[in-house]
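A quick write-up on the structure given underneath.
Residue numbers (our numbering): 88 to 1214.
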């Protein structure tokens, strides 16, 4: 795999060596003059000056290529096609691993309990249950050394642990040391894998693993994930970066599970597509049958297994014969029957080493069950071990099972199967597709993303202020951010972020997240106060109540205001800043003087209505991890222009709700489009959607809206804001394009229009991809909904469901047009849509932004979708969705007409369509379920309001049905790029994964991590200034998170994204070598020493040393974690 290199003329590292060599020589000379200290000060000032002077002038060179690695034995994409998809007869033959009947079967029975931190009851209301389980564990296991047990959910363990005395804690540690009790996974909760974003998953893993290491002195060795509804490769990859190399999963497509079981591949080495050397593979075991309960754990017959669930002696029932206590009179018969079941299981799995998990939800809560299960099973085990030559059986942990499995492989020279890909969608043995939860309750999914962003910003800003904070304040920040982070981690639970808990439980999660947002807000205040020495400011875009989205503060301009903007990204970026203001007569002044700004009507995303206030819009370039400030003052300025409202309608109802300062102009239907120098978006004038347009010109570089200015670059500076920008397609004039010019140009291109085919009568998005011309993507949009009586919170059941196009006849549509951007509004009963394009050079100028406010509280039994029909080449198109934001997984389309639900895949952040010449990337700040139909058309699920239960446990009452919808704001960014033919069709079709392009990667970061805006009364005299270097453009700074055990140390985590370098119009991005940029950051933070560690920060893999002595490197797709110590 090729590296991505940033190559400045002479690196800062080399410069330091030159300086130090010169210093040594100069030092000898200075001794005679006895000015050593003065010389040292002078030289290191030079070194510091050198760092500050080095600017981000090196252009990012994208040189990554897709890795070429040995093909795995099984790829789930191919297997899915074989068992449920297009290939009814296998064209590929797989090895069938069989167990020799002469082999002795070894069975490891592992008692466990599955405890959900919120589902039918809230997390707090489950504490009595989990505390009882753990209390019973201590009482029972200290006197039964042969017993085994495992615990996974650290969130419950922490609550129990804090109220235990030292005697109980010592006993717990002893059980772990004796290998009776195993802590598995170690994460705070068992995460969902379909809707989560990887930085939050990392936080979840670290929070739990740090806790058990600090309190119990143990590190998890096996990942246990028995209940999430499908699995991806990214979560196992993250666990391997913490040292966990073994895992157990369960809920995969039942047809795929049968396929693996038949081929003797129920245990396999799960490999990453990009991991050429397979250093990050996980040895994975899949529970072999339909569920994780005892009924599915002793063999293929649940009726047989039920007879050995000894809690059912006096609790629950079995459908046939009930369990009975083991006695001398029945032990032989019962032992032979159990052994026979395990031998059948062994033959089906093709392995003589078996794992049998012995538990279910909230089991072992009564001490009685501990005795029931142990006393009866141990008699059976002893009888079988004494009397059978074919079977050995015992209680065992997951580690003991894997040790035996690998030992057996080595002795018998068995090579485990290898597998790549993921396990979505999940279909249970009942035939239901669990694909609805990808979208269920999107408000809470969006709230989680907001909380993650706030916590990350608090981590970074508090790290910047740390050297100015007292010990007491450092402790407060550490304690408070730990509370917030644990609530964020709690919501990663597979019945939380999925939206699959009862209504009152979801409400409890939401209140926790809101409280955590307020904590993060307060930590931002404390940190900024330390930097500014002032507390006279407000933070913008903070929610006011738990069940509403973030809202904008009203900026009154009677007195001057300073707008302080913090960029929490490790690279420079151009961003649009939006502020709600009270008066349109304002001037915005930056460090170089007045900048161009735009005044628009203010649309309140909370109420979904326009107001009499105003939206102030301006662009700014934000330097890496730095602040920039502007002043806003009341003044009638030529640099601030009021946008006009263009509509094809004769009258606008919304006009009476906005200020009379806005001029409403009626335009023809042919003029209803969005356009800048880099993009043209054609719209349906009836509803504002991407739909049918009868006339357009492909020469859109001349079609600018009346009054709109071209973006001009002069000597590397954008005249809109006077800031450095990469220039492309620049012009020598800022003269507005008039209606007369536009109409004349339209007439001159009529001949071209008439020659277009019928295909070109559809709406289109045009992007200017360079001097050679434009790239067109036809994209017809509509809103529809499924009316289904069988879908529920978990599943989609759309077979024969009616899909209805949402009527938009009452929609009011218009364009807000100004020199900086244009927005097309569509205001309808259930949907408020805003499509916008920015008139700016660079990659940002070629993106289409979509913001939606969805409110379906007045609908019933519906699943709302938006559809896009494209003109990509059907026979050549490839389709991907992301796996937790880490990588793109190739998807296929199966029986789309009769069962759409089987084609739905999770879209945590991205959906990609690509043919031989172009790629469409759709990026989102909310997870969704998505599918394609007819290969080139796509469907994104937006919200679901369902009036029936799907039978998965929530129930039919009002508290169990997902009818607690809240209005939700969500955003998408569309990136259209021309792709090089170097990535040939055969390679692309054979590859089962992909990466985001640099443009899409940066657009996603901008979408998820909005700049932090602080509103300060008066004019700021002393702005916190940093002279930091941009990181390489593909490097993400995940966090600089506090550690609970040391307020003077933190954990900094980096990730280098895989990037597809075949885009012909990639972003222009500037950065430096990671080593120099990271050292500059550490210098600014006041870091003294650094120590490399695994991702969880527990196991150190280097010595602690001054940060200047460390060489920082990071390969594509990899992570790096460093423990840093502050002054």
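Cβ atoms here follow ideal geometry from the backbone N, Cα and C, with glycine treated the same way.
Have a look at residue 326 and residue 278 and give me their C-alpha separation to the nearest angstrom.
Counting from 1 along the chain shown, the entry for residue 326 is found at position 239. Counting from 1 along the chain shown, the entry for residue 278 is found at position 191. Taking the Cα positions, residue 326 is about 12 angstroms away from residue 278.
List the whole-angstrom C-beta distance separating residue 577 from residue 276, where the pair is believed to meet the contact cut-off of C-beta under 8 angstroms.
Along the chain shown, one-based indexing puts residue 577 at 490. Along the chain shown, one-based indexing puts residue 276 at 189. Going by Cβ atoms, the distance from residue 577 to residue 276 rounds to 6 angstroms, so yes, they are a contact pair.
Taking residue 377 as the reference, give the member of 369, 371, 370 and 386 with the closest Cα.
Reading the chain shown from its first residue, position 290 is the one you call residue 377. Comparing Cα-Cα distances from residue 377 to each of 369, 371, 370 and 386, the minimum goes to 386.
Tell me the residue span of the alpha helix (DSSP H) that contains residue 536.
Sequence index remark: in the chain shown, residue 536 carries index 449 (1-based). Segment 529-552, the alpha helix (DSSP H) holding residue 536.
Across the segment 646-659 and the segment 1103-1120, are there enough close Cβ pairs to call them in contact, namely three or more that are closer than 8 angstroms?
Judged by Cβ distances under 8 angstroms, the segment 646-659 makes contact with the segment 1103-1120, as three or more pairs qualify.
State the DSSP-derived secondary structure class of residue 965, mapped to helix, strand or coil.
On the chain shown, residue 965 is found 878 positions in, with the first residue counted as 1. Here residue 965 sits in strand by DSSP.
Ends of the alpha helix (DSSP H) at residue 1093?
Position 1006 of the chain shown, counted from the first residue, corresponds to residue 1093. Note, residue 1093: alpha helix (DSSP H), 1085-1095.
In terms of residues, what are the limits of the beta strand (DSSP E) holding residue 724?
What you label residue 724 is simply residue 637 of the chain shown in a count that begins at 1. For residue 724, there is no enclosing beta strand (DSSP E), as DSSP marks it with neither H nor E.
So, residue 1134 versus residue 561, is the Cβ gap smaller than 7 angstroms?
Here residue 1134 refers to the residue found at position 1047 of the chain shown. Here residue 561 refers to the residue found at position 474 of the chain shown. Yes, the pair counts as a contact, with Cβ atoms nearer than the cut-off.
Quick check: residue 237 and residue 272, are their CB atoms within less than 7 angstroms of each other?
As a first step, residue 237 is located in the chain shown; it is residue number 150 there, counting from the start. As a first step, residue 272 is located in the chain shown; it is residue number 185 there, counting from the start. Against a cut-off of 7 angstroms, the Cβ pair of residue 272 and residue 237 comes out as no contact.
Can you tell me whether residue 1193 is buried or exposed, with buried defined as 16 or more other CB within 10 angstroms of its CB?
Here residue 1193 refers to the residue found at position 1106 of the chain shown. With fewer than 16 other Cβ atoms within 10 Å, it is exposed.
Give the DSSP bridge partners of residue 1208, in chain order.
For the purposes of this step, residue 1208 is taken as residue 1121 along the chain shown, with counting starting at 1. For residue 1208, which the question treats as bridged, DSSP gives the partners 1140 and 1180.
Using DSSP bridges, identify the partner residues of residue 370.
Here the question's residue 370 lines up with position 283 in the chain shown. DSSP, once it has assigned bridges, lists 333 and 356 as partnering residue 370.
Once the 5 residues before and after residue 463 are set aside, which same chain residues still bring their CB inside 7 angstroms of it?
Residue numbering aside, residue 463 sits at position 376 when the chain shown is read from its first letter. Result list for residue 463: 397, 412 and 413, in chain order.
Residue 240: buried (16+ other C-beta within 10 angstroms of its C-beta) or exposed?
On the chain shown, residue 240 is found 153 positions in, with the first residue counted as 1. Classification for residue 240: buried.
Roughly how many whole angstroms lie between the Cα atoms of residue 597 and residue 545?
The residue you call residue 597 lines up with position 510 of the chain shown. The residue you call residue 545 lines up with position 458 of the chain shown. Taking the straight line from one Cα to the other gives about 20 angstroms.
Can you tell me whether DSSP reads residue 251 as helix, strand or coil?
As a position in the chain shown, residue 251 is number 164, starting the count at 1. The answer is coil: DSSP assigns residue 251 none of H, G, I, E or B.
Give me the Cα-Cα distance between residue 1014 and residue 1104, rounded to the nearest whole angstrom.
Against the chain shown, residue 1014 aligns to sequence position 927. Against the chain shown, residue 1104 aligns to sequence position 1017. The straight-line gap from Cα to Cα measures roughly 37 angstroms.
Tell me which same chain residues have a C-beta within less than 8 angstroms of the C-beta of residue 739, skipping the five on either side of it?
In the chain shown, counting from the first residue as 1, residue 739 sits at position 652. Cβ within range, chain order: 732, 751, 899 and 901.
Could you tell me if residue 1209 is buried or exposed, where buried requires 16 or more neighbouring beta carbons within 10 angstroms of its beta carbon?
For the purposes of this step, residue 1209 is taken as the residue at position 1122 of the chain shown. It counts as buried.
When the Cα of residue 627 is compared with those of 1099, 1160 and 1176, which residue comes out closest?
Taking the chain shown and counting its residues from 1, one reaches residue 627 at position 540. Residue 627 has its Cα closest to that of 1099, out of 1099, 1160 and 1176.
Could you give the C-beta distance for residue 440 and residue 495, rounded to a whole number, given that I count them as a contact under 8 angstroms?
Translated into the one-based positions of the chain shown, residue 440 becomes position 353. Translated into the one-based positions of the chain shown, residue 495 becomes position 408. Cβ-Cβ separation between residue 440 and residue 495: approximately 5 angstroms, consistent with a contact (criterion under 8 angstroms).
State the CB to CB distance for the pair residue 697 and residue 663, rounded to an integer number of angstroms; the pair is presumed to be in contact (CB under 8 angstroms).
By one-based count along the chain shown, residue 697 stands at place 610. By one-based count along the chain shown, residue 663 stands at place 576. With a contact defined as Cβ atoms closer than 8 angstroms, residue 697 and residue 663 miss out at about 19 angstroms.
Looking at C-beta atoms only, is the number of pairs between the segment 753-763 and the segment 723-731 that lie closer than 8 angstroms three or more?
no
When the Cα atoms are used, what is the spatial distance from residue 671 to residue 637?
Taking the chain shown and counting its residues from 1, the one referred to as residue 671 is at position 584. Taking the chain shown and counting its residues from 1, the one referred to as residue 637 is at position 550. Roughly 23 angstroms between the two C-alpha positions.
Name the residue from 1044, 1205, 967 and 551 whose alpha carbon lies nearest to the alpha carbon of residue 1006.
Taking the chain shown and counting its residues from 1, the one referred to as residue 1006 is at position 919. Of the candidates 1044, 1205, 967 and 551, the one whose C-alpha sits nearest the C-alpha of residue 1006 is 967.
Where residue 896 and residue 737 are concerned, what is the direct C-alpha to C-alpha distance, given to the nearest angstrom?
Taking the first residue of the chain shown as 1, we reach residue 896 at position 809. Taking the first residue of the chain shown as 1, we reach residue 737 at position 650. If you take the alpha carbons of residue 896 and residue 737, they lie about 15 angstroms apart.
Judging by CA-CA distance, which residue of 207, 247, 356 and 244 is the nearest neighbour of residue 158?
Looking up residue 158 in the chain shown gives position 71. Taking only the C-alpha atoms, the option nearest residue 158 is 356.
Where residue 824 and residue 703 are concerned, what is the direct C-alpha to C-alpha distance, given to the nearest angstrom?
Indexing the chain shown from 1 puts residue 824 at position 737. Indexing the chain shown from 1 puts residue 703 at position 616. At residue 824 the pLDDT is 34, less than 50, meaning the model places this residue with poor confidence; the figure from the coordinates comes in the next sentence. So the two alpha carbons sit approximately 23 angstroms from each other.
Could you spell out the range, first to last residue, of the beta strand (DSSP E) harbouring residue 899?
For the purposes of this step, residue 899 is taken as the residue at position 812 of the chain shown. 899-904 is the extent of the beta strand (DSSP E) around residue 899.
Helix, strand or coil for residue 700, going by three-state DSSP, please let me know.
Mapped onto the chain shown, residue 700 falls at position 613. Under the three-state reduction of DSSP, residue 700 is assigned to strand.
Write down every uninterrupted run of the beta strand (DSSP E) in the segment 722-770 whose length is 3 residues or greater and which is fully enclosed by it, in chain order.
727-729, 731-734, 751-753, 760-762 and 766-769
Kindly list the residues whose CB is nearer than 8 angstroms to the CB of residue 916, restricted to its own chain and excluding five residues on each side of it in sequence; keep chain order.
Position 829 of the chain shown, counted from the start, is the residue given in the question as residue 916. Excluding sequence neighbours, residue 916 sits near 897 and 945.
So residue 1113 packs on residue 521, CB below 8 angstroms; how close in whole Å?
Mapped onto the chain shown, residue 1113 falls at position 1026. Mapped onto the chain shown, residue 521 falls at position 434. Not really, about 47 angstroms apart at Cβ, beyond 8 angstroms.
When DSSP labels each residue in this structure, what does residue 484 get in the three-state scheme?
Residue mapping note: residue 484 aligns to position 397 of the chain shown, counting from 1. In this structure, residue 484 counts as coil in the three-state DSSP scheme.
Out of 878, 1149, 1182 and 997, point me to the one whose CA is closest to residue 1031's CA.
Position 944 of the chain shown, counted from the start, is the residue given in the question as residue 1031. Nearest option by C-alpha distance: 878.
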